[in-house]
Every structure is written in C-alpha cells, then in structure tokens.
Amino acid sequence: MQLTAGHDGTVLVSKLSARLRYRFLGSAAKRRLWERLPFGSRIAAHHREALFDIVAGAARQQALLAGLRAGIFDALAGQPRNAAEVERATGLNTAVTARLLSWLVATGLIERLSDDTFALTVEGLVVADDDGVRAMIEHGDLLYADMRDPLALIAGDEVGLVAKYWPYRGDAGLPGDYGELMRRSLPFTLEPILRAVDFSRLRHCCEIGGGNGALAIALARRHPRLDITLVELPDVLPFARAAIAQAGLDGRLSACTISDAARGTFDCVMASRLLHDLDDDAAIALLARGRELAAPRASLVIAEPLAKEGRDTQTAYFTAYFAAMGSGRLRRPDEIMALCKAAGWKDEKPRWLHYPSCSVLKTGH
C-alpha cells in the first residue's frame, strides 16, 4: 500500500512504536526486566496469552469440528443437559463425552452451569442451527488437511484438497459439492444483497458464477417479475438446471455458459463470492465479459468479504485458503474498484454497503 501525505503522522507513530519495541523488548533478558515492574507483569501476561491464543487456534477449530461431528451441538440445541443425557444422545462413551465437553467448555462453545448441566453459548447456538456455518466448518477441514506443511502451502508447491474441490482448474473440481456448499452458505450474502439492491425495479439480471442457482432461486422467489440468467462453467450447469427445475422456476430462470448469454440485455450483472477466488487478470476478464452482457445504464453488484489492514482473523484465514486453492485473494475496496474500472465499469459514484459476513458494491457504467 502506498502512503500519501495524510498518513505521515500515523507512519511516524508506528515507526517509533516499532523501534521502542525492538529496543526494550527485543530479547528475553529485556522482557524479564520489564516483567519485574508492576505494570510490566500485567502487560507481559496479556501478550503471553495472546501468543498462546494463536498457538491454540488449531486445537479450538478441531474442538469445534469434533463437537459438530459427535452431535454435541444437536444434543444441546433444545435445552441444557447433563453429561449422562449428552452421552445417550450422542452414543459416545462416558470418558469421551466428559473429555469432549471439557474441551468445548475451554473453547467457549458451551458452558458448565451450576447444576452440573451443560448449555450452549451464543456461538454454540449459532453452530447448532445455522446450516451455512456448519457447512463452512466441515469444509474448513479440507484446508486444515492442506496445511500439514504450511510453507509448501504458501509457496504453492502442491495441489491439495481445496484446489481439487473448486471447479476452476480444468479437470479439477467437484461441481456437485461446490454447488451444495454455495447453497448452504447462501445466507452469508443473500441478506446483504437484498438490503443493498432494489430488485423490484429490475427485470432481467445475470448472475456470474451462480453455482447451483441458490442465490438466483432465492431472488426469483422474492421478486416474481424478475428474470435471471445464471452463468456458470459447463460442468456446473447440470446441477444449476436441476435445481431450477426442482424449484419450478424454469420459465424465469435459465443457466448457460458466459459465451451463450445474450449480450447487452441485462439491467443488472451480479458476482457473489466470486472475485476473491480469482487473480487480477482473471477477475478483470470476467468483469469485462459481464460488461458486454450489460444493457446501457445497467448496474454491477459485487458481494465479497474484504481485506483489512493489520491484524484480522478473516484475512488470515483467507490468505491460507487462497494459497491452498492456488488463486485468488481478499481485496480492499479500492482494489475492487480498480478491477471494475479496468473492465469498463466506470461509475463515478459507486456505493458500498458493509455487513459482518460480506460487503456489497453497487456500481455501473
């Protein structure tokens, strides 16, 4: 990121902070000296805990996955239960149940109540009834398998399970699984898109990279006058067409490759959770094709998680994920706007709406 004059004060402060950190905390001996001071011991304890929190990240994720697969969250979904009731509900033996419950308590997904029963925390309740979250937890297991050698992962030396999962690598990909994951995790983007765009004023939309049609089907059901063309890879199209037929929306929804879509006819072109899977050149090419499909004064709608500067767990996760995938990255809003402009979308007044699960850009040409 290039710094402008407006950043000078922040740059000076950050440089000074870094120099002081290296000078006074750059060795174990110096850190021990600071820890002898009353305020220093508290600060040191805070940073030790923060470091161990990073070290323990894999253990927390595996506790989450183990609890999900064992049925712990389902067993506690309705009400708090004691260990014996959880044991009967899950079929685990007494020792495994006790160990797993203890693991999940330490992770913060369940809590032990005063009457010796166990209850889900807020995070645990989300896992218990949010199908999209459960799908992403299970899918994350592919990434953890690929991270056995993290340096090889970042270097791109191997094609792992994540890269083979997505249908963007020629003969690689599992289109049925890919579409199902997109369907189950749809709520992450559906509500933000519905809040950002007034689809009641639109007549013909094109969704690029729509998977098995989950978003298109949801939009069509909410807006009966809206026709949608879903653009996908050839291997994915049978799954999209089957889902559209099952939904009874054949007359208003269609699915085709991008080369078969009618040019200059769409008053809205959408790309949801797509650009971050692609490198810059591929993203620009796809947006340019979308520009060719757009009618005059059409809108472009992009829904993406965004990169953030500094410490950010989402950016850390996706850095590893896209390394495993072999392409793509999270981008800042200005980087996405640069891609849009390079592809011919040159609206001078783009509108961003930010939500916890993703951000939505509405722009045009």
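Using full-length UniProt numbering, the letters of the sequence shown map in sequence onto residues 1 to 365.
Virtual Cβ for every residue (Gly too), placed ideally from N, Cα, C.
Residue from LEU25, ALA66, VAL133, ASP250 whose Cα sits closest to the Cα of LEU181: Position 181 of the sequence shown, counting from 1, holds the residue named residue 181. Closest option to LEU181, Cα to Cα, is VAL133.
For LEU20 and LYS308, I'd like the C-alpha separation in whole angstroms. Working through the sequence shown from its first residue, we reach residue 20 at position 20. Working through the sequence shown from its first residue, we reach residue 308 at position 308. Approximately 25 Å between the Cα atoms of the pair.
Secondary structure at ALA172, three-state DSSP: helix, strand or coil? Position 172 of the sequence shown, counting from 1, holds the residue named residue 172. Since pLDDT at ALA172 reaches only 48, below the 50 mark, its modelled position is unreliable, and no value is offered.
Kindly indicate which residue of GLU232, PHE24, LEU101, ASP130 has the alpha-carbon position closest to the one of PHE118. Taking the sequence shown and counting its residues from 1, the one referred to as residue 118 is at position 118. Considering only alpha carbons, the answer is LEU101.
Under a three-way DSSP split, which group does LYS164 fall into? As a working mapping, residue 164 is identified with position 164 in the sequence shown. Reduced to three states, the DSSP call for LYS164 is helix.
If we ignore side chains and look at the alpha-carbon of each, how far apart do LEU226 and VAL162 end up? Residue mapping note: residue 226 aligns to position 226 of the sequence shown, counting from 1. Residue mapping note: residue 162 aligns to position 162 of the sequence shown, counting from 1. The alpha-carbon atoms of LEU226 and VAL162 are separated by roughly 35 Å.
Return the chain-ordered list of same chain residues with a C-beta closer than 8 Å to the C-beta of ASP250, the five sequence neighbours on each side being excluded. In the sequence shown, counting from the first residue as 1, residue 250 sits at position 250. Answer for ASP250: ILE244, listed in chain order.
Taking the C-alpha atoms as reference points, what is the distance between ARG81 and ASP130? As a first step, residue 81 is located in the sequence shown; it is residue number 81 there, counting from the start. As a first step, residue 130 is located in the sequence shown; it is residue number 130 there, counting from the start. Straight-line Cα distance between these residues: approximately 20 Å.
Excluding the 5 residues flanking ALA303 on each side, which residues of the same chain have their C-beta closer than 7 Å to its C-beta? Locating residue 303 in the sequence shown gives position 303, counting from the first residue. So the list reads THR189, PRO192, ILE193, SER272, ARG273, CYS358, VAL360, once near-sequence residues are dropped.
Would you list the residues sitting across from ARG112 in a DSSP beta bridge? Counting from one through the sequence shown, the residue named residue 112 turns up at place 112. DSSP lists PHE118 as the bridge partner or partners of ARG112.
Straight-line Cα distance separating PRO234 from ASP171: Indexing the sequence shown from 1 puts residue 171 at position 171. Indexing the sequence shown from 1 puts residue 234 at position 234. Caution applies to ASP171, whose pLDDT of 45 falls short of 50 and renders its modelled position unreliable; the value that the coordinates give is listed next. Approximately 11 Å, taken between the alpha carbons.
Could you check whether LEU219 and CYS206 sit closer than 9 Å to each other, using their CB atoms as the reference points? By one-based count along the sequence shown, residue 206 stands at place 206. By one-based count along the sequence shown, residue 219 stands at place 219. Not in contact: CYS206 and LEU219 (Cβ atoms no closer than 9 Å).
Determine the closest residue to LEU230 out of PRO238, ARG222, SER254, with distance taken between C-alpha atoms. Residue 230 sits at position 230 when you count from the first residue of the sequence shown. Residue SER254 is the option with its Cα nearest to LEU230.
Using C-beta distances below 6 Å, list every residue in its chain close to residue 367, excluding the 5 sequence neighbours before and after it, in chain order. Lying before the first or after the last residue shown, residue 367 is absent from the chain, which here runs from 1 to 365.
Out of ARG291, ALA261, LEU202, GLU123, which has the shortest C-alpha to C-alpha gap to VAL105? Here residue 105 refers to the residue found at position 105 when the sequence shown is read from its first residue. Measuring from the Cα of VAL105, the nearest candidate turns out to be GLU123.
Where does ASP157 land, buried or exposed, given buried means 16+ other C-beta within 10 angstroms? On the sequence shown, position 157 is the one that residue 157 refers to. Counting Cβ neighbours within 10 Å, ASP157 comes out exposed, since fewer than 16 surround it.
Between the C-alpha atoms of GLN61 and ALA152, what's the straight-line distance to the nearest angstrom? Residue numbering aside, residue 61 sits at position 61 when the sequence shown is read from its first letter. Residue numbering aside, residue 152 sits at position 152 when the sequence shown is read from its first letter. About 21 Å.
Helix, strand or coil for ARG297? Go by DSSP, reduced to three states. Numbered from 1 along the sequence shown, position 297 holds the residue referred to as residue 297. Residue state, collapsed to three classes: strand.
Buried or exposed (CB count within 10 angstroms, at least 16 for buried), PHE24: As a first step, residue 24 is located in the sequence shown; it is residue number 24 there, counting from the start. Looking at its Cβ environment, which holds fewer than 16 other Cβ atoms inside 10 Å, PHE24 is exposed.
DSSP on GLY340, reduced to helix/strand/coil? Mapped onto the sequence shown, residue 340 falls at position 340. The identity of residue 340 in the sequence shown is Cys, whereas the question assumes Gly. Helix at CYS340.
What is the DSSP secondary structure of GLU309, reduced to helix, strand or coil? The sequence position of residue 309 within the sequence shown is 309, counting from 1. Residue state, collapsed to three classes: coil.
In or out: ASN212 buried (at least 16 other Cβ within 10 Å) or exposed? In the sequence shown, residue 212 corresponds to position 212, counting from 1. Buried: at least 16 other Cβ atoms inside 10 Å.
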